[in-house]
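Participant: This is the structure, below, for whatever I ask next.
As structure tokens, this is what we get:
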């Protein structure tokens, strides 16, 4: 209860707590913003699952910005989240229907610019999907080693013992080999896709 | 990249993760400048790193929120299940408790109803006269209508549904009143000072500001003289003295007061608040300043208190003039000929231009 009150009075405290990934910040955000997001998505022909999806993405955007100390809000955190969620949902809707969905933007949304944040997020969502495909293509042990190091923050010693290398140094050499492979795969894929697009 | 890829990657990684000291990183940057393929590798490595970071953040948020989401979803279920369990176990006690609660709530409700007979919440009341609800008035108006009928046969042979006040804005029969007074009624009659009914029609309305302009349909209708007052687009000031003329009953009634706030009910900026006694029937009455300018129109009052009245700004009325046909000229209403008269003389001159408006169901 005390942290709720603290966050309500001091949004900077909320943002720094979020940047640290503290669960009290996330609970507070969930409590204050999720109901409105759900209502908003319902109104615009979405389901609970749709609402929860865009909410998760919006919080991810907020979290990444908070972590990078790149969050300069001119409004309340919940207002920002709702605006982001609304734009994300509109993008999803227009993709689904393959046409522009015309929805009246209220004044509030126009004053908060979120398109840049959303575009950046969507760009990296695309990259992350591709990264996953590349990792799947490479198979083990590269997939496991890279995930363990870059996603799970495991130390090289842990990785060495887990993947059966005699020491951390050997595991490290293997990691760099994997890195080289994934780099080639990831970026050559881009070129292939670009070429395909040009042909089409 | 001639070096073995392992060592070069180690360097790239150390550079990107800021693990190099200042000297090393300057050296590395210099090396990059002379080696485009190394630079490309660094950029690509950074993109990969950012993508991994993004994936990590996204995974983290998703799993954290999933926990919170699941908890909040299940909380309602838990409460429900617990309730069910308790009811099963203690259904006798529960039923006694429930009936006690039920009786208590009924009691509270009854007591509360007797205590708070009046709704305590302030409500906005429009001031049209609901004649049907007041039997006395009904009788009075019945006889009045009968009288009028003798003079002018066009007035319907029935009791008026509502009545309000209106005031002239042109000599040829344009009058202003509140939209709520006449809204939804076909038959509108304006009764001039001589108690003659003239049929009117709605020619312009502003729903938002509750304004209506009616025109007397008779071709030869004319007020005896030019309008003595002007309608001024004035910014009201707090404490400014004002007065008003209206028809809460069959005779004209004079009232005076002052502007108490420059905003209306719950901060409505299109209105302002007056300290002026108001009763049903004065809706549409002009608010006149000390020099004889109309600066607003009475529109409603706060239900809780007697003195507080709300008025629509004359600015909205002036805007509505633009919608009127060509035989209305707004210049007719911008000269004030009673500026230097005493209050009593002003009122005497204004009186013929303030009329009763009545509406009939059929």
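Residue numbers (the working numbering), protein chains in the order written: chain A, 1 to 200; chain B, 201 to 562.
We put the beta carbon where it would ideally sit given N, CA and C, even for glycine.
Treat the numbers as computed from the prediction; the structure is a model and nothing was measured.
Exposed or buried, residue 131/A, counting other C-beta atoms within 10 Å across all chains shown (16 or more means buried)?
Facilitator: The sequence position of residue 131/A within the first chain is 131, counting from 1. Under this definition residue 131/A is a buried residue.
Participant: Beta-carbon separation of residue 29/A and residue 66/A under 7 Å?
Facilitator: As a position in the first chain, residue 29/A is number 29, starting the count at 1. As a position in the first chain, residue 66/A is number 66, starting the count at 1. No, they are not a contact pair.
Participant: For residue 419/B, which option in 272/B, 371/B and 257/B has the closest C-alpha, if you only look at C-alpha atoms?
Facilitator: Translated into the one-based positions of the second chain, residue 419/B becomes position 219. Here the closest residue by C-alpha is 371/B.
Participant: Taking 8 Å as the threshold, find out whether the region 489 to 498 of chain B comes into contact with the region 508 to 521 of chain B through three or more Cβ pairs.
Facilitator: Yes: at least three Cβ pairs fall under 8 Å.
Participant: Name, going along the chain, the residues of the region 30 to 43 of chain A whose beta-carbon falls closer than 7 Å to a beta-carbon of chain B.
Facilitator: If the cut-off is 7 Å between Cβ atoms, the region 30 to 43 of chain A has 30 near chain B.
Participant: Quick one, which residues of the region 292 to 311 of chain B are near chain A if we go by CB-CB under 7 Å, in chain order?
Facilitator: Listed in sequence order: no entries.
Participant: Please report how far the alpha carbon of residue 76/A lies from the alpha carbon of residue 461/B, in whole angstroms.
Facilitator: The residue you call residue 76/A lines up with position 76 of the first chain. The residue you call residue 461/B lines up with position 261 of the second chain. Rounded to the nearest angstrom, the two C-alpha atoms are 32 Å apart.
Participant: To the nearest angstrom, how far is the alpha carbon of residue 245/B from that of residue 60/A?
Facilitator: For the purposes of this step, residue 245/B is taken as residue 45 along the second chain, with counting starting at 1. For the purposes of this step, residue 60/A is taken as residue 60 along the first chain, with counting starting at 1. For residue 245/B and residue 60/A, the distance between alpha carbons rounds to 23 Å.
Participant: Could you work out which residues of chain B lie near residue 59/A, taking near to mean beta carbons separated by less than 8 Å?
Facilitator: Translated into the one-based positions of the first chain, residue 59/A becomes position 59. Under the 8 Å cutoff, chain B gives 261 and 265.
Participant: Expressed to the nearest angstrom, what Euclidean distance is found between the alpha-carbon atoms of residue 540/B and residue 549/B?
Facilitator: Along the second chain, read from residue 1 onward, the residue named residue 540/B stands at position 340. Along the second chain, read from residue 1 onward, the residue named residue 549/B stands at position 349. If you take the alpha carbons of residue 540/B and residue 549/B, they lie about 12 Å apart.
Participant: Just reading off the alpha helix (DSSP H) that residue 230/B is part of, what are its end residues?
Facilitator: Position 30 of the second chain holds residue 230/B. Run containing residue 230/B: 222 to 233, per the alpha helix (DSSP H) assignment.
Participant: Taking its Cβ as the centre, do 16 or more other Cβ atoms sit within 10 Å of residue 217/B, making it buried, or is it exposed?
Facilitator: Residue mapping note: residue 217/B aligns to position 17 of the second chain, counting from 1. So residue 217/B ends up on the exposed side.
Participant: Would you grab the beta carbon distance between residue 446/B and residue 481/B for me? Rounded to a whole angstrom, and I think it's under 8 Å.
Facilitator: Residue mapping note: residue 446/B aligns to position 246 of the second chain, counting from 1. Residue mapping note: residue 481/B aligns to position 281 of the second chain, counting from 1. Yes, they are in contact, since the Cβ atoms of residue 446/B and residue 481/B sit about 7 Å apart, within 8 Å.
Participant: For the alpha helix (DSSP H) that residue 61/A lies in, which residues bound it at each end?
Facilitator: Taking the first chain and counting its residues from 1, the one referred to as residue 61/A is at position 61. Counting along the chain, the alpha helix (DSSP H) containing residue 61/A begins and ends at 48 to 67.
Participant: How many angstroms separate the CA atom of residue 561/B from the CA atom of residue 387/B?
Facilitator: For the purposes of this step, residue 561/B is identified with residue 361 of the second chain, where counting begins at 1. For the purposes of this step, residue 387/B is identified with residue 187 of the second chain, where counting begins at 1. Between residue 561/B and residue 387/B, the C-alpha separation is close to 7 Å.
Participant: Could you give the distance in angstroms between the alpha-carbon of residue 455/B and the alpha-carbon of residue 544/B?
Facilitator: Residue 455/B sits at position 255 when you count from the first residue of the second chain. Residue 544/B sits at position 344 when you count from the first residue of the second chain. Going by the C-alpha atoms only, they are around 12 Å apart.
Participant: Relative to chain A, which residues along the region 225 to 252 of chain B have a C-beta separation below 8 Å, given in chain order?
Facilitator: Within the region 225 to 252 of chain B, the qualifying residues are 241, 244, 245, 247, 248, 249, 250, 251 and 252.
Participant: From 392/B, 374/B and 484/B, pick the residue whose C-alpha is nearest to that of residue 527/B; which is it?
Facilitator: Counting from 1 along the second chain, the entry for residue 527/B is found at position 327. When only C-alpha atoms are compared, the closest one is 374/B.
Participant: Can the beta-carbon of residue 478/B be found closer than 7 Å to that of residue 501/B?
Facilitator: Translated into positions along the second chain, residue 478/B becomes position 278. Translated into positions along the second chain, residue 501/B becomes position 301. Closer than 7 Å, so yes.
Participant: Counting only beta-carbon separations shorter than 7 Å, does residue 231/A have a partner in chain B?
Facilitator: Here chain A covers residues 1 to 200 and nothing more, so residue 231/A does not appear.
Participant: Once the 5 residues before and after residue 145/A are set aside, which same chain residues still bring their CB inside 8 Å of it?
Facilitator: Residue 145/A sits at position 145 when you count from the first residue of the first chain. Excluding positions up to five away in sequence, the list reads 159, 163, 171, 174, 175 and 178.
Participant: To which residues of the same chain is residue 17/A closer than 6 Å at the C-beta, ignoring the five residues directly before and after it?
Facilitator: If you number the first chain from 1, residue 17/A lands on position 17. 25, listed in sequence order.
Participant: By Cβ distance, which residues of its chain are closer than 8 Å to residue 350/B, with the 5 residues on each side in sequence left out?
Facilitator: Within the second chain, the letter at position 150 stands for residue 350/B. Interpretation of residue 350/B is limited by its pLDDT of 44, a score under 50 that renders its predicted location unreliable; no figure is taken from the coordinates.
Participant: Counting only Cβ-Cβ distances shorter than 7 Å, please list the residues of the region 121 to 152 of chain A near chain D, keeping chain order.
Facilitator: Among the protein chains of the structure shown, namely A and B, there is no chain D.
Participant: Using 7 Å as the limit for Cβ to Cβ distance, is residue 215/B near chain A?
Facilitator: Working through the second chain from its first residue, we reach residue 215/B at position 15. For residue 215/B, the answer is no, since every Cβ of chain A falls outside 7 Å of its Cβ.
Participant: Could you work out which residue in 362/B, 369/B, 471/B and 364/B is closest to residue 408/B when comparing CA atoms only?
Facilitator: Counting from 1 along the second chain, the entry for residue 408/B is found at position 208. Of the listed residues, the one whose Cα sits closest to residue 408/B is 471/B.
Participant: Does the region 251 to 271 of chain B come close enough to the region 35 to 43 of chain A to have 3 or more Cβ pairs within less than 8 Å?
Facilitator: Touching, no, given that fewer than three Cβ pairs across the two stretches are closer than 8 Å.
Participant: Straight-line CA distance for residue 213/A to residue 295/B?
Facilitator: As displayed, chain A neither begins before 1 nor continues past 200, which places residue 213/A out of reach and without an answer.
Participant: Do you know offhand how far residue 85/A's Cα is from residue 11/A's?
Facilitator: For the purposes of this step, residue 85/A is identified with residue 85 of the first chain, where counting begins at 1. For the purposes of this step, residue 11/A is identified with residue 11 of the first chain, where counting begins at 1. Using only the alpha carbons, I get a separation of about 19 Å.
Participant: Quick one: give me the first and last residue of the beta strand (DSSP E) that residue 406/B is part of.
Facilitator: Locating residue 406/B in the second chain gives position 206, where the first residue counts as 1. Here the beta strand (DSSP E) through residue 406/B covers 397 to 406.
Participant: Starting from the C-beta of residue 391/B, find all residues in its chain whose C-beta is less than 8 Å away, skip the five residues before and the five after it, and write them out in chain order.
Facilitator: Translated into positions along the second chain, residue 391/B becomes position 191. Excluding residues within five positions, the ones whose Cβ falls inside 8 Å are 348, 397, 398, 555, 556, 557 and 558.
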